[in-house]
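One structure is given below, encoded as structure tokens.
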Amino acid sequence: MAKYLVIVESPAKVKTIKKFLGANYQVAASNGHVRDLPKSQLGIDVEHDYEPKYITIRGKGDILANLRKEAKKADKVYLATDPDREGEAISWHLSKALKLTEEKMYRISFNEITQNAVKTSIKEARDIDMDLVNAQQARRMLDRIVGYKISPLLWAKVKRGLSAGRVQSVALRIICDREEEINAFIPEEYWSLEAAFQLESEKKPLIAKFHGDSNGKININSKEEMDEILKKLENAEFKIASIKKGERIKKAPLPFTTSTLQQEASKKLNFSTQKTMRLAQQLYEGVDIKGSGTVGIITYLRTDSTRIAEEADLAAREYIKDNYGLEYVADEEKKTNKGKKIQDAHEAIRPTDISRLPIDIKESLSRDQYRLYQLIWKRFAASRMQAAKYETITIKIQGNSYIFVVSTSKIAFDGFMSVYIQEEDEKEETNTLLGNVDENTSLSLKEFDTKQHFTQPPAHYTEATLVKTLEELGIGRPSTYSPTITTIIARRYVAKENKNLYVTELGEVVNSIMKTAFPSIVDVNFTANLEMLLDKVEEGNVNWKTVISNFYPDLEEAVQNALLQLGEYKIEDEVTDVVCEECGRNMVIKYGPHGRFLACPGFPDCRNTKPYLEKIGVECPKCKKDIVLRKTKKGRKYYGCEDNPNCDFMSWQKPSKVPCKQCGGLLVEKGSKLVCIDEQCGYVQDKKDA
């Protein structure tokens with residue numbers, strides 16, 4: 001009979017860990033949390049020191065009954081949940097649900113599921129860290145308070161089953177703010193000038209870019225300015241003014257954290273954050289490798305640390321020395337910013353064994369598992385390698401007082417790039433012509449190439465750039481990035497199209513209410529400060545109930561004020577002049593998951609519905625029919641002709657009733673300005689002057 005019981009979170013880990021332990025050990029899974037706050041009520045006793053009311057999660061009764069039976073038979077119970085706040089809290093809840101005594105209960109944690117790590121953790125068993133537990137309790141209760149107090153308000157005001165979240169509301173605001181920036185952006189004209197020079201004894205011309213004059217860089221902002229420069233360059237004699245040779249160092253990247261893994265997997269593999277975390281979880285918990293059995297092949301996936309265990313660091317350096325040469329081994333371990341809070345002193349995400357090459361285990365992995373493991377393996381190997389070195393050449397060519405510049409670089413030593421190439425490195429250009437140029441080389445102008453450009457608005461957020469922004473602002477933690485983004489997309493506050501995230505009409509309504517009624521909840525600094533407080537709870541420097549007691553009264557007051565102040569904004573069914581063809585009633589505008597639609601007010605007797613096309617009172621410039629507000633399949637707003645698909649006119653910005661004074665064309669709204677839809681015209685005026 002087994003003397004010891006090891007309880008893990010996931011059934012996938014059971015098989016992996018069981019293999020490492022002897023017959024005296026029984027391994028069982030809790031399937032995640034076993035207790036939580038009740039769904040039917042707030043679950044926090046605000047009258048009695050904000051005490052949480054935990055209940056057994058529905059469906060977990062049988063699991064707990066089996067665990068109790070096994071725990072009763074065992075001499076010792078090892079709680080082996082994940083090595084973070086959430087895992088610590090699950091262990092604590094298990095200890096309470098199973099009524100484990102302190103003498104019988106041991107907490108173990110490991111950063112990787114390997115035989116060495118698991119056996120070492122049993123030797124180093126400890127008590128449950130209540131500071132970690134309290135940090136998780138505080139986060140859970142803050143999220144519950146925000147969700148259960150604000151969501152019913154949104155339901156009442158917007159007439160739908162909406163929800164608010166402490167982190168998701170801030171993420172939505174960040175996306176909405178970017179959308180406003182883009183909509184208000186007015187393109188500015190600028191020009192570029194390149195010169196093609198013919199070198200003696202070379203067939204291929206040398207292309208140089210206009211830089212400025214001896215006083216510095218000159219920006220060309222109009223055709224008039226371009227014409228003036230070209231006029232001054234007429235009949236100019238060109239000569240090599242200077243040649244500068246140098247060296248550029250490109251440092252090896254740090255190993256992956258949760259955030260950087262999500263960003264890189266999005267860029268290189270086109271994975272969503274949710275998919276990346278799901279696959280990484282599988283690689284961490286264990287995959288069946290031919291010849292090795294079930295084994296975890298990466299370390300724990302929720303971390304913001306770039307620290308590497310000494311043993312793994314030495315193994316990686318040895319591998320690099322044997323396979324690439326001593327000159328490729330990094331001088332010393334890379335360090336990260338000491339001033340930043342590192343969650344739970346985790347390691348970075350890395351392979352559990354550097355010698356387990358991706359290609360060697362390819363057949364044991366799914367295609368996507370292989371691609372993600374290969375990315376993690378390459379990044380870790382690269383992080384232990386020397387910097388790449390480039391030889392650079394910059395040549396300045398002078399004509400009259402103006403200077404043109406041509407630069408190039410080539411790799412002198414590939415270093416870490418022999419393993420891992422980043423996106424920006426793939427765009428490096430090598431100009432072999434420059435090696436044949438010196439100060440005495442004669443050259444003649446072949447032709448000028450002038451181009452007109454317009455500045456571009458800020459880019460829409462992608463999942464990768466949103467994760468990066470959330471991390472930089474201190475919003476959320478590694479475990480929250482993926483569920484936050486998944487939630488705002490699932491609730492149709494945000495639509496994802498071709499990687500980009502766009503706010504929907506529904507998202508705009510929710511964000512507007514949150515900004516009006518709960519400015520602190522959607523304030524970036526306020527949310528980041530809350531995260532810092534949770535970190536202080538984890539460190540044992542702040543009482544967790546103090547955080548709750550300081551937060552709750554202000555939120556409760558804001559909710560009560562919002563119920564009164566937002567009453568006038570309640571969305572009623574708007575009656576239209578569209579007659580229901582089935583029963584003759586005037587149809588009304590309803591709000592659904594995809595935005596507004598027309599419905600018969602006779603529901604449920606009459607169930608007729610149809611799309612709602614809101615006319616904006618502007619003629620289509622192509623066919624003179626009405627322009628209407630439309631939505632993409634995923635809920636993003638745009639303006640198009642009512643005769644679509646026969647007429648293909650569309651605009652992301654709202655067209656104005658005021659015509660362009662310069663070309664007579666269509667003006668569109670961009671913030672406080674009206675801008676001609678034809679960029680070549682470039683006419684701009686203030687809305688108030690229209």
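So in my numbering the end of the sequence shown lands on 690, straight run, no missing numbers.
From the three backbone atoms N, C-alpha and C, an ideal C-beta is built for every residue, glycine too.
This structure is a prediction, so every number in the text was calculated from the model and none was measured.
What is the C-beta distance between residue i and residue j, in whole angstroms, given that I count them as a contact (C-beta under 8 angstroms)?
i: V167; j: G671; result: Their Cβ separation, rounded to whole angstroms, is 28 angstroms, which puts V167 and G671 out of contact at 8 angstroms.
i: L357; j: A265; result: Incorrect: roughly 20 angstroms between the Cβ atoms, too far for contact.
i: V437; j: L199; result: 7 angstroms
i: L230; j: F210; result: Going by Cβ atoms, the distance from L230 to F210 rounds to 10 angstroms, so no, they are not a contact pair.
i: V34; j: H93; result: 6 angstroms
i: E247; j: E391; result: 6 angstroms
i: G296; j: T352; result: 6 angstroms
i: E112; j: T299; result: 4 angstroms
Quick one: is residue i buried, meaning 16 or more other Cβ sit within 10 Å of its Cβ, or exposed?
i: W709; result: One cannot answer for residue 709 here, as it falls past the ends of the chain, which runs 1 to 690.
i: P253; result: buried
i: E463; result: buried
i: C676; result: buried
i: H48; result: exposed
i: R126; result: exposed
i: D322; result: exposed
i: N337; result: Low confidence applies here, because N337 scores a pLDDT of 46, under 50, leaving its location unreliable; read the following figure in that light. Its Cβ having fewer than 16 others within 10 Å, N337 is exposed.
i: P11; result: exposed
i: G584; result: exposed
i: G507; result: buried
i: K157; result: buried
i: E538; result: buried
i: M130; result: exposed
i: W377; result: buried
i: I326; result: Inspection of the sequence shows that residue 326 is occupied by Leu rather than by Ile. So L326 ends up on the exposed side.
i: P255; result: buried
i: Q115; result: exposed
According to DSSP, is residue i part of a helix, a strand, or is it coil?
i: W652; result: coil
i: Y692; result: Not covered by the structure: residue 692. The range shown for the chain is 1 to 690.
i: S409; result: strand
i: Q343; result: Here the model assigns Q343 a pLDDT of 41, short of 50, so the residue's position is not dependable, and the following value carries that caveat. Helix, per DSSP.
i: T394; result: strand
i: D686; result: strand
i: V542; result: coil
i: R596; result: strand
i: V437; result: coil
i: E264; result: helix
i: R85; result: helix
i: C176; result: helix
i: N525; result: helix
i: N66; result: helix
i: D577; result: strand
i: S242; result: strand
i: V295; result: strand
i: A28; result: strand
i: P611; result: strand
i: T465; result: helix
i: Q456; result: coil
i: D227; result: helix
i: Y319; result: helix
i: M277; result: helix
i: Q422; result: coil
Please go through the same chain and pick out, in chain order, the residues whose beta-carbon is closer than 8 angstroms to the beta-carbon of residue i, but skip the five residues on each side of it.
i: E9; result: A29, S30, N31, G32, T81, D82, G87, I90
i: F649; result: C620, P621, K622, C623, I627, G640, C641
i: K290; result: I361, E363, S364
i: S355; result: A315, Y319
i: V14; result: V8, V27, A28, A29
When the cut-off is 9 angstroms and only beta carbons count, does residue i lie next to chain D?
i: I397; result: As a matter of chain content, chain D is missing from the structure shown, which is built from one protein chain.
Only counting the same chain, and skipping five residues up and downstream in sequence, which positions put a Cβ closer than 7 angstroms to that of residue i?
i: L533; result: V542, V547
Give me, in chain order, the residues of the same chain whose beta-carbon lies closer than 6 angstroms to that of residue i; leave out the 5 immediate sequence neighbours on both sides.
i: D344; result: Residue placement at D344 is poorly supported in this model, since its pLDDT is 42, which falls under 50; the coordinates are not used for a value here.
i: C176; result: V503, N511
i: A196; result: P205, I207, K446, E447
i: S479; result: R302
i: D678; result: G665
i: I243; result: I395
* To do: Examine the Cβ distances between the stretch 113-123 and the stretch 519-531 and report whether three or more of them are shorter than 8 angstroms.
  => When Cβ pairs closer than 8 angstroms are counted between the two stretches, the stretch 113-123 is seen not to touch the stretch 519-531, the count staying below three.
* Asked: Touch check for the stretch 489-505 and the stretch 438-454: three-plus C-beta pairs under 8 angstroms?
  -> Counting C-beta pairs closer than 8 angstroms gives fewer than three between the stretch 489-505 and the stretch 438-454, which falls short of the contact rule.
* Segment contact, 8 angstroms Cβ cut-off, at least three pairs: the stretch 102-115 with the stretch 137-157 -> Proximity of the stretch 102-115 to the stretch 137-157 falls short of the contact definition, fewer than three beta-carbon pairs being nearer than 8 angstroms.
* **the stretch 483-492 touching the stretch 203-220, judged by at least three CB pairs closer than 8 angstroms** => With the cut-off at 8 angstroms, the stretch 483-492 and the stretch 203-220 do not touch.
* the stretch 452-470 in contact with the stretch 238-245 per 3-pair CB rule at 8 angstroms -> Taking a contact to require three or more Cβ pairs closer than 8 angstroms, the stretch 452-470 and the stretch 238-245 do not qualify as touching.
* Contact the stretch 59-67 vs the stretch 546-566: 3+ CB pairs below 8 angstroms -> Per the Cβ contact rule, the stretch 59-67 is not in contact with the stretch 546-566 (fewer than 3 Cβ pairs under 8 angstroms).
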